[in-house]
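So the structure is just underneath, and the comments pick up after that.
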Amino acid sequence: AGKAHPADGAGQGLIKRIVEISRRPEFLGKIIFLENYDMRVSKRLISGVDIWLNTPTRPLEASGTSGEKAEMNGVLNFSVLDGWWYEGYREGAGWALTDKRTYQDQGQQDQLDAATIYSMLENQIIPLYFAKNSKGYSPEWIQYIKKSIAEIAPNYTMKRMLDDYIERFYNKEGKRSALLKANDFAKAREIAAWKIKVASLWDQIEIKEVKMSDEMLYAPQVGKTYDVEVTLDSKGLGNCLGVELVSVPTENNNNEPQSYNAQELKVVKTEGDLITYALKNTIDKAGTFRFSFRMYPKNPDLPHRQDFAYVRWF
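Mapping of the sequence shown onto the numbering used here: residues 1 to 314, in sequence order.
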């Protein structure tokens, strides 16, 4: 069953092709296409089939919500590890094609996936379904269903979603709100005063010294550890400053987005307002890199760094 978007000519053509094939003599009674797919048809399907077969082109599946709904009805899923099934799959509670591609050519990959699907259906899934006992059902199949309902379905309920919101957001926001309001907003006043002080001194902070080896900058060796040091004049801000070493590969083919690595330096020496930060930087990838430092305000009472988004690159 399915319905292509009105503007999806290729999808409409595919459905037409499937319907034509289903009318061949060798497929009569073996392929049934349900027209006018809608919520009513979907409700019937997700509660009335044994296998939910979904084979999107990896990694283009947005979610696969029909498979999630089928899961709630004891239907076993068989899909590519993409969309929701990438997170939902559990061994012994459904079946999956790997998320890894073997071929770059999509046509070759489709042929391999098709062969794998047929092999798994013929050698694993169908024999398991028809391994029926004297009572007329397959105990092993029922075990799959039980495990699916027990280990997969609970992760896709409204209760789980609400629990996540409460645990990850509402409880934390509630505790922080109570912290800021306590004692006539004492903590809120303290944080505000700290922000005013940092803002007034931010432009006065001096970078006194930066130590990095030329080898690390121009010809780093994989597996070798290099010492990095930065000394700041904090202008009275003390340990309220953080320093990170940020590195990005120098190669950038076709202006693709670059990954970066940020490592925090630790305070190793304090002399008055002079603070020395250090890092042992181990090179774990081959190539050359661009290195830079960024300084930012630190305060354990901030919920996150973007709450006071000052930063200086050097």
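Just so it is clear, CB atoms sit at the ideal spot from N, CA and C, and this is done for glycine as well.
- Query: How many angstroms separate the CA atom of Lys132 from the CA atom of Gly48?
  - Reply: Taking the straight line joining both Cα atoms gives about 19 Å.
- Message: Closest to Asn54 by C-alpha separation, out of Arg23, Val41, Leu97, Glu271, would be which residue?
- Response: Of Arg23, Val41, Leu97, Glu271, the smallest CA-CA separation from Asn54 is found for Leu97.
- Query: What does Pro262 pair with, by DSSP beta-bridge criteria?
  - Reply: One detail in the question is off: residue 262 reads as Ala in this sequence, not Pro. Per DSSP, Val246.
- 7 Å CB neighbourhood of Ser292 in its chain, flanking five on each side removed: Within the same chain, Ser292 has close Cβ partners Val246, Trp313.
- Task: Give the range of the alpha helix (DSSP H) segment to which Trp141 is assigned.
- Result: Annotation: the continuous alpha helix (DSSP H) that includes Trp141 extends over 139 to 151.
- Message: Can you confirm whether the segment 79 to 98 touches the segment 111 to 123 when touching is taken to mean that 3 or more C-beta pairs between the two stretches lie within less than 8 Å?
- Response: Counting Cβ pairs under 8 Å, three or more are found: they touch.
- Message: Using only the alpha-carbon positions, how far apart do Leu232 and Asp163 sit?
- Response: Taken atom to atom, the span from the alpha-carbon of Leu232 to that of Asp163 is near 45 Å.
- Could you please give the first and the last residue of the uninterrupted beta strand (DSSP E) stretch that includes Trp52? Here the beta strand (DSSP E) through Trp52 covers 51 to 54.
- Message: Using the three-state DSSP reduction, which class does Arg294 fall into: helix, strand or coil?
- Response: Three-state DSSP puts Arg294 in a strand.
- Message: Can you look up Leu274 in the DSSP assignment and give me helix, strand or coil?
- Response: DSSP places Leu274 in strand when its eight states are reduced to three.
- Task: Assuming Ile125 and Ile51 form a contact by the criterion Cβ under 8 Å, report the distance between their Cβ atoms to the nearest whole angstrom.
- Result: The pair is a contact, with the Cβ atoms about 7 Å apart (cut-off 8 Å).
- Return the first residue and the last residue of the beta strand (DSSP E) that Phe308 is part of. Run containing Phe308: none; DSSP gives neither H nor E here.
- Query: Which one of Glu20, Met39, Arg40, Tyr37 has the shortest CA to CA distance from Ile31?
  - Reply: Closest option to Ile31, judged by alpha-carbon separation, among Glu20, Met39, Arg40, Tyr37: Glu20.
- Task: Please classify Ser200: does DSSP put it in a helix, a strand, or coil?
- Result: Three-state DSSP puts Ser200 in a helix.
- Sufficient close CB pairs (3 or more, under 8 Å) joining the segment 174 to 193 to the segment 290 to 308: Cβ pair count under 8 Å is three or more, so yes.
- For Phe130, name the three-state secondary structure that DSSP assigns. The answer is coil: DSSP assigns Phe130 none of H, G, I, E or B.
- Message: So Gln263 and Asn239 are supposed to be a Cβ contact under 8 Å. How far apart are they, rounded?
- Response: Contact doesn't hold; Cβ gap of about 18 Å is too wide.
- Given a threshold of 16 other Cβ atoms within 10 Å of its Cβ, counted over all protein chains shown, does Phe169 qualify as buried or as exposed? Classification for Phe169: exposed.
- Query: Among Thr250, Ala193, Gly236, Ser79, which has the Cα closest to the Cα of Leu217?
  - Reply: Answer by Cα proximity: Thr250.
- Task: Find out if the Cβ-Cβ distance for the pair Ala114, Gly83 is shorter than 8 Å.
- Result: No.
- Task: Would you be able to state if there are at least three C-beta pairs under 8 Å between the segment 99 to 115 and the segment 7 to 26?
- Result: The segment 7 to 26 is not in contact with the segment 99 to 115.
- Query: Starting from Lys211 and walking both ways along the beta strand (DSSP E), at which residues does that stretch end?
  - Reply: That run of the beta strand (DSSP E) goes 206 to 211.
- Cβ pair count under 8 Å reaching 3, the segment 71 to 80 against the segment 142 to 160: Yes, the segment 71 to 80 is in contact with the segment 142 to 160.
- Go through its chain and collect everything with a Cβ distance to Phe33's Cβ below 6 Å, but skip five positions before and after it. Same-chain partners within the cutoff: Val19, Ser22.
- With DSSP as the reference, please indicate the residues paired to Asp214 in a beta bridge. Paired residues: none, contrary to the question.
- Query: Can you round the beta-carbon distance between Met277 and Glu229 to whole angstroms, since I take them to be within the 8 Å contact cut?
  - Reply: Strictly speaking, residue 277 in this sequence is Tyr, with Met absent from that position. About 7 Å separates the Cβ atoms of Tyr277 and Glu229, confirming a contact at the 8 Å cut-off.
- Do you know how far the Cα of Ala286 is from the Cα of Gly272? Each residue's CA atom was taken as its position, placing Gly272 and Ala286 some 40 Å apart.
- Task: Compare the C-alpha of Tyr260 against each of Phe289, Thr225, Gly107 and name the closest.
- Result: When only C-alpha atoms are compared, the closest one is Phe289.
- Evaluate Pro297 with the Cβ neighbour count: other Cβ atoms within 10 Å of its Cβ, from every protein chain shown; 16 or more gives buried, anything less gives exposed. When all chains shown are included, Pro297 counts as buried.
- Task: Whole angstroms is fine: what's the gap from Gly9's alpha carbon to Lys16's?
- Result: So the two alpha carbons sit approximately 11 Å from each other.
- Task: Decide if Ser79 is buried, meaning its Cβ has at least 16 other Cβ atoms within 10 Å, or exposed.
- Result: Residue environment analysis places Ser79 among the buried positions, since at least 16 neighbouring C-beta atoms fall within 10 angstroms of its C-beta.
- Item | Contiguous beta strand (DSSP E) assignments of at least 3 residues, all confined to the segment 91 to 131 | Listed in chain order, they are 95 to 97.
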